[in-house]
Each structure stands twice: as C-alpha cells, then as structure tokens.
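One structure is given here, and the rest of the page talks about it.
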Amino acid sequence: MTPPIDRLRTIVAKLRAPDGCPWDREQTHESLKPHLLEECYELIDAIDARDDKELKEELGDILLQVVLHSQVAAEEGCFTLDDVAEVVSDKLVHRHPHVFGENHLANSEAVLQQWDKIKQAEKQERKSALDGVPKALPALARAQKIQTKASRAGFDWNIAEDAFLKVREELQEVESASEESVAEEVGDLLFAVVNFARKKKLDAEQLLNRATVKFAKRFQTIEQLAKDRSLDFASLSLEEMDVLWNEVKGR
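Final position of the sequence shown in numbering that gives the first Met the number 0 is 250; the numbers increase by one with none missing.
Here is the structure:
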C-alpha cells in the first residue's frame with residue numbers, strides 16, 4: 000500500500016503537470032503566500048475550538064501547502080520534499096543535544112537558552128540578537144518576539160511589576176501628548192502593554208484576539224436584544240446602548 004505522504008506527493012505532482020489543473024499549474028511561491036497564511040489562521044481556529052476533526056483537516060491543508068511549495072521548487076531544480084524533511088530532521092537532532100546526545104538539561108528555560116546559542120552559531124551572518132524575527136508577523140506577536148529575544152540577550156525588567164510601571168509611564172505620556180506625537184505615544188503604550196503581558200507569561204496576540212471575540216459576541220447579543228424588544232438599534236443613543244451592554248455583561 001502506498002504511504003499516504005507519497006500519495007499526496009503524487010497527487011500534487013499530477014495537479015502541476017502539463018495536463019493537470021490550470022489553477023495549480025499557475026501557482027508560485029509568491030502567489031501561494033496568502034493561502035499559506037490563511038491556512039495557518041484556520042488551523043489556529045481549530046486548535047482554539049478543540050475540534051479534533053477540524054484540526055486534522057486543517058493540518059492537512061497546511062501539509063498541502065508544504066508539498067505544493069516543495070513541488071514548485073522541485074520543478075525549478077532547487078529542492079524536493081525529501082530535502083525539506085531532511086533539513087528539518089537534521090536541525091531537530093542538532094538543536095536537541097540533550098535528547099540525541101549526552102548533554103542533560105533540567106528545564107524548558109535551559110532548553111530555550113541552549114536552542115538560541117546553537118541557532119546563533121548556525122546563523123553567524125546575523126549581526127544582532129534581534130535578527131531573524133519575521134517582518135510579516137502580526138504587530139503584537141512581532142513585538143513580543145522582539146522583546147523575548149532582547150530578554151534572552153540580558154536586556155529585560157527584573158519583575159513584571161517593573162514592566163507595569165512602564166505601562167503607567169507610557170499611559171501618562173499618551174494623556175499629555177500633542178496631536179503630532181499622540182500616534183507615537185500610543186505605539187509606545189501598546190509596546191509596553193505587550194512587554195507586561197510577556198513578563199506575566201501571557202501571549203499578547205491571543206489576549207487581544209480573545210478580547211475582540213468577547214466584544215464581538217457581546218455586541219451581537221445587544222443587537223439581538225434590541226431586535227427582540229422591537230428597538231431600532233441604529234437609532235439608539237450611546238447611553239441606551241450602554242444600558243443593553245451592561246445588561247448583557249451582567250449575565
């Protein structure tokens with residue numbers, strides 16, 4: 000019986016063949032970027048929903064993107080799917096000497112520190128401790144990644160309370176900012192809030208997503224509440240909307 004991964008590779012190659020699918024044949028690494036990003040977000044949704052069936056399907060969609068990119072590269076004579084698997088296997092073994100070698104590590108923090116040292120040795124072309132953070136990351140995630148790298152280089156607050164004091168300082172600067180400087184000060188405030196979240200071992204990107212979902216659900220609920228009471232939501236004053244909002248929040 001053909002291994003499933005080989006079956007998938009054969010199917011993708013057929014889709015990209017001259018007599019294959021016109022859409023698949025047109026795709027390039029560049030054109031596939033938005034699809035890969037969308038699939039990653041759909042995978043995260045499936046994880047958050049704790050839906051194993053959906054998770055399996057979304058992992059398959061991510062795998063398809065990997066196989067597609069590898070097929071494009073193979074057609075260009077660059078590398079194959081096997082090369083991709085070989086590279087990541089070698090990387091995992093090399094960066095886990097505490098598993099595949101004799102070096103014992105006590106905890107996850109020690110593993111991360113060792114990982115960074117090994118990675119730095121591998122990427123000697125990088126000049127800064129902050130190099131290697133993807134520019135395409137969402138802003139909050141990129142800020143937290145930058146802060147984490149700076150922390151591992153020794154540049155960090157000692158405790159979360161110190162980071163919170165910085166949040167208060169930045170908030171005061173926003174309050175006193177001019178029209179010309181308010182945008183920059185708000186950016187500094189957001190960065191400080193992300194830093195506080197990091198010190199509390201929280202993921203700022205996930206926190207904002209959860210807060211956004213919570214707001215959206217409550218908003219949709221007050222819309223429905225107004226409809227159930229034969230109220231024209233759009234014509235309600237802010238004060239009247241607040242009454243509905245507080246009612247829903249109190250539930």
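Idealized CB from N, CA, C, for every residue including glycine.
Counting C-beta atoms within 10 angstroms of its own C-beta, residue 4 has fewer than 16 neighbours from the protein chains shown and is therefore classed as exposed. Put simply, the backbone Cα of residue 15 is about 48 Å away from that of residue 182. Buried is the label assigned to residue 243, since at least 16 other Cβ atoms lie within 10 Å of its Cβ. Using a Cβ-Cβ distance cut-off of 8 Å, the segment 16-36 and the segment 65-75 are in contact, since at least three pairs of beta carbons, one from each stretch, lie closer than that value. Contact between residue 156 and residue 149 fails: their C-beta atoms lie close to 11 Å from each other, not under 8 Å. Taking C-alpha positions only, residue 210 is separated from residue 18 by approximately 49 Å. Residue 192 carries a helical assignment under DSSP once its states are collapsed to helix, strand and coil. Along the length of the segment 159-242, whole alpha helix (DSSP H) runs at least 4 residues long occupy 159-174, 181-198 and 203-227, reported in chain order. The Cβ atoms of residue 123 and residue 94 lie no closer than 9 Å to each other. A check of alpha carbon separations from residue 135 across 128, 145, 127 and 126 identifies 145 as the nearest. Here residue 194 is buried. Its C-beta has 16 or more other C-beta atoms within 10 Å. Across the set 130, 245 and 109, the C-alpha of 130 shows the shortest separation from the C-alpha of residue 119. Assignment of residue 147 by DSSP, reduced to helix, strand and coil, places it in the helix class. For residue 82, the enclosing alpha helix (DSSP H) stretches over residues 80-93. Membership of residue 72 in the alpha helix (DSSP H) is indicated by the continuous run 51-74.
Shown here, residue 127 sits in coil according to DSSP, grouped into three states, outside any helix or strand.
Judged by DSSP in its simplified three-state form, residue 17 adopts coil rather than helix or strand. In summary, residue 216 is exposed, with fewer than 16 beta-carbon neighbours lying within 10 Å of its beta-carbon over all protein chains present.
Here residue 219 is exposed: its Cβ has fewer than 16 other Cβ atoms, across all protein chains shown, within 10 Å.
Residue 203 and residue 160 have their C-alpha atoms spaced approximately 17 Å apart. Distances from the CA of residue 154 to each of 43, 240, 198 and 167 were compared; the closest alpha carbon is that of 198.
Per DSSP, the unbroken alpha helix (DSSP H) holding residue 35 starts and ends at 28-48. In the three-state DSSP reduction, residue 134 falls in the coil class, being neither helix nor strand. Nearest to residue 41 by C-alpha distance, out of 30, 54 and 29, is 54.
Burial is judged here by how many other beta carbons sit within 10 angstroms of a residue's own beta carbon; residue 46 has fewer than 16 and is exposed.
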